[in-house]
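Numbering (the working numbering), first residue to last: 182 to 344.
Read the structure below first, then the notes.
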Ligand SMILES: CC(C)(COP(=O)(O)OP(=O)(O)OC[C@H]1O[C@@H](n2cnc3c(N)ncnc32)[C@H](O)[C@@H]1OP(=O)(O)O)[C@@H](O)C(=O)NCCC(=O)NCCS
């Protein structure tokens with residue numbers, strides 16, 4: 182892959198991020214239950230989010246992080262997207278890994294929740310949430326509701342409705 186740089190999200194990335202998300206998810210993007218979480222009380226955390234820039238400075242990937250509440254403060258990851266031309270070279274996993282590391286270093290919340298494929302996120306330590314422990318504000322496959330503890334006991338009080 183050409184030289185790719187990962188940086189924290191800045192306002193100047195907004196148009197590029199929107200273009201990547203539109204290409205990755207299409208018009209159905211705003212119907213996703215994760216969007217219901219993000220439009221509730223979630224606060225964007227741009228310093229913990231990661232943007233992938235190609236050699237020309239164009240946005241080719243994004244992993245956003247939000248601060249949410251679910252019984253206790255936690256982070257909510259997503260959307261995660263990589264431009265089709267840059268896929269299957271490890272960039273998606275690297276974006277998620279670097280955002281996770283930034284959350285861990287920030288130390289403000291005990292864990293991260295994400296809606297996604299367990300197979301994809303398992304290498305980072307994410308696991309399916311225990312049955313009945315967490316709820317999204319809309320329909321979701323419980324097998325895709327994943328979380329990761331950032332410090333010992335960090336998820337002990339995380340429960341209920343996310344958002
Ligand atoms: C998911 C996505 C971000 C992965 O980006 P990427 O740069 O190709 O990821 P990586 O190269 O790090 O990892 C590729 C692996 O992820 C797997 N993968 C890709 N999309 C997947 C999905 N939706 N579910 C499960 N696994 C997926 C690939 O099969 C590949 O697995 P392999 O290494 O065993 O062959 C990218 O495919 C994308 O933008 N998809 C559309 C948006 C989306 O579905 N986002 C995920 C929401 S959680």
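Note that CB positions come from ideal geometry on N, CA and C, so glycine has one too.
Check whether the region 321-329 touches the region 291-304, counting contact only when three or more Cβ pairs, one atom from each stretch, lie closer than 8 Å. Enough Cβ pairs lie closer than 8 Å, so yes.
Just to confirm, are residue 274 and residue 307 a CB contact at a threshold of 8 Å? Start at 1 with the first residue of the chain shown, and residue 274 comes out as number 93. Start at 1 with the first residue of the chain shown, and residue 307 comes out as number 126. Not in contact: residue 274 and residue 307 (Cβ atoms no closer than 8 Å).
Which class does residue 298 belong to by DSSP, given the choice of helix, strand or coil? Translated into the one-based positions of the chain shown, residue 298 becomes position 117. Here residue 298 sits in coil by DSSP.
Under DSSP, the beta strand (DSSP E) around residue 257 begins and ends at which residues? Working through the chain shown from its first residue, we reach residue 257 at position 76. Start and end: 254-263.
Give me the pocket residues for ligand 1, defined as CB within less than 7 Å of any heavy atom, sorted by chain position. Qualifying residues, in the order they occur: 205, 206, 242, 259, 260, 261, 262, 263, 267, 268, 269, 270, 271, 272, 273, 274, 275, 295, 296, 297, 298, 300 and 301.
Cross-strand partners of residue 344 (DSSP beta bridge): In the chain shown, counting from the first residue as 1, residue 344 sits at position 163. Bridge partners of residue 344: none, in fact.
Exposed or buried, what is residue 260 when buried is set at 16 or more other beta-carbons lying within 10 Å of its beta-carbon? Here residue 260 corresponds to residue number 79 of the chain shown, with the count starting at 1. So residue 260 ends up on the buried side.
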